[in-house]
Amino acid sequence: MAGALGSQYLGGLYPCEMCMWQRWPHYAAIVVALLSFVAKPARVPLIWLAALLIAVSGAIGAFHAGVEYGWWEGLTRCATTFGASGGSTLDSIMNAPLIRCDVAPWHFLGISLAGWNAIVSLGGALLIAVLMRKAPSNRDWRP
Numbered sequence: 007m008a009g010a011l012g013s014q015y016l017g018g019l020y021p022c023e024m025c026m027w028q029r030w031p032h033y034a035a036i037v038v039a040l041l042s043f044v045a046k047p048a049r050v051p052l053i054w055l056a057a058l059l060i061a062v063s064g065a066i067g068a069f070h071a072g073v074e075y076g077w078w079e080g081l082t083r084c085a086t087t088f089g090a091s092g093g094s095t096l097d098s099i100m101n102a103p104l105i106r107c108d109v110a111p112w113h114f115l116g117i118s119l120a121g122w123n124a125i126v127s128l129g130g131a132l133l134i135a136v137l138m139r140k141a142p143s144n145r146d147w148r149p
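Add 6 to the 1-based position in the sequence shown for my numbering, that's all there is to it.
The following block contains the structure:
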């Protein structure tokens, strides 16, 4: 989330609607993971839930990347950053940039931010699952 928020607030890369969809499971995963530190009896299922939420964000990212690469059509309209600039409501509406969900504003190694989210999130969820299955104290909670 630090990368997504940093690219938005420091780098000026405003998110589209589908980018925002990818953030919600990550926010939930952070809350669930923090709960796992205080709810000791439910620690293992909460970690599994956090991994699942991270994988959901990765799946949304994979879908979004497919929309950006033109592999399939998206499910949403484009989004704007209405309200992000301050000032009067009319000025905000008139000056809000249109953020398209089907155009990647940034690439690294030919992969968009949505694609990187898919790779990192799905890989991270898989790593959590592998580590959880190997932990001897978690044998009763294997899915």
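For every residue, glycine included, the Cβ atom is placed at its ideal position computed from N, Cα and C.
Which residue marks the beginning of the alpha helix (DSSP H) containing Glu74, and which one marks its end? Looking up residue 74 in the sequence shown gives position 68. Unbroken alpha helix (DSSP H) run through Glu74: 49 to 74.
Quick check: what's the CA-CA separation for Pro111 versus Gly17? Locating residue 111 in the sequence shown gives position 105, counting from the first residue. Locating residue 17 in the sequence shown gives position 11, counting from the first residue. Distance from the CA of Pro111 to the CA of Gly17, rounded to the nearest whole angstrom, comes to 11 Å.
Return the CA-CA distance between Arg139 and Val50, expressed in angstroms with no decimal places. The sequence position of residue 139 within the sequence shown is 133, counting from 1. The sequence position of residue 50 within the sequence shown is 44, counting from 1. Cα to Cα, Arg139 sits roughly 11 Å from Val50.
For Ile117, tell me which candidate among Pro47, Glu74, Ala39 has the shortest Cα-Cα distance. Residue 117 sits at position 111 when you count from the first residue of the sequence shown. The residue with the shortest Cα to Cα distance from Ile117 is Glu74.
Alpha carbon to alpha carbon, how far is Gly76 from Asp108? For the purposes of this step, residue 76 is taken as residue 70 along the sequence shown, with counting starting at 1. For the purposes of this step, residue 108 is taken as residue 102 along the sequence shown, with counting starting at 1. Going by the C-alpha atoms only, they are around 7 Å apart.
Can you tell me where the alpha helix (DSSP H) with Gly18 in it begins and where it stops? Position 12 of the sequence shown holds residue 18. From DSSP, Gly18 is part of no alpha helix (DSSP H); its letter is neither H nor E.
Reference Ala4; option with closest CA among Leu19, Leu58, Met24: With the chain running from 7 to 149 in the structure shown, residue 4 is simply not present.
Beta carbon of Ile53, beta carbon of Ser42: below 7 Å? The sequence position of residue 53 within the sequence shown is 47, counting from 1. The sequence position of residue 42 within the sequence shown is 36, counting from 1. Going by beta carbons, Ile53 and Ser42 fall inside the 7 Å limit.
Report, in whole angstroms, the separation of the C-beta atoms of Gln28 and Ile66, which I expect to be a contact under 8 Å. The residue labelled residue 28 in the question sits at position 22 within the sequence shown. The residue labelled residue 66 in the question sits at position 60 within the sequence shown. So it is a contact: roughly 5 Å between Cβ atoms.
With the cut-off set at 7 Å, would you say Leu137 and Gly64 are in Cβ contact? Along the sequence shown, one-based indexing puts residue 137 at 131. Along the sequence shown, one-based indexing puts residue 64 at 58. Cβ distance not < 7 Å, so Leu137 and Gly64 don't count as in contact.
Select from Val37, Lys46, Leu119 the residue whose C-alpha is nearest the C-alpha of Met26. By one-based count along the sequence shown, residue 26 stands at place 20. Among Val37, Lys46, Leu119, the Cα nearest to that of Met26 is on Leu119.
Straight-line Cα distance separating Trp122 from Trp30: Indexing the sequence shown from 1 puts residue 30 at position 24. Indexing the sequence shown from 1 puts residue 122 at position 116. Rounded to the nearest angstrom, the two C-alpha atoms are 16 Å apart.
Ordered along the chain, which non-local residues of its own chain (more than five positions away) have a Cβ less than 6 Å from that of His70? Taking the first residue of the sequence shown as position 1, residue 70 is located at position 64. The beta carbon of His70 sits closer than 6 Å to the beta carbons of Met24, Ala120 from its chain, once the five residues preceding and following it are set aside; these are given in chain order.
Closest by CA to Ala10, which one among Ile134, Ala141, Ala124? Along the sequence shown, one-based indexing puts residue 10 at 4. A check of alpha carbon separations from Ala10 across Ile134, Ala141, Ala124 identifies Ala124 as the nearest.
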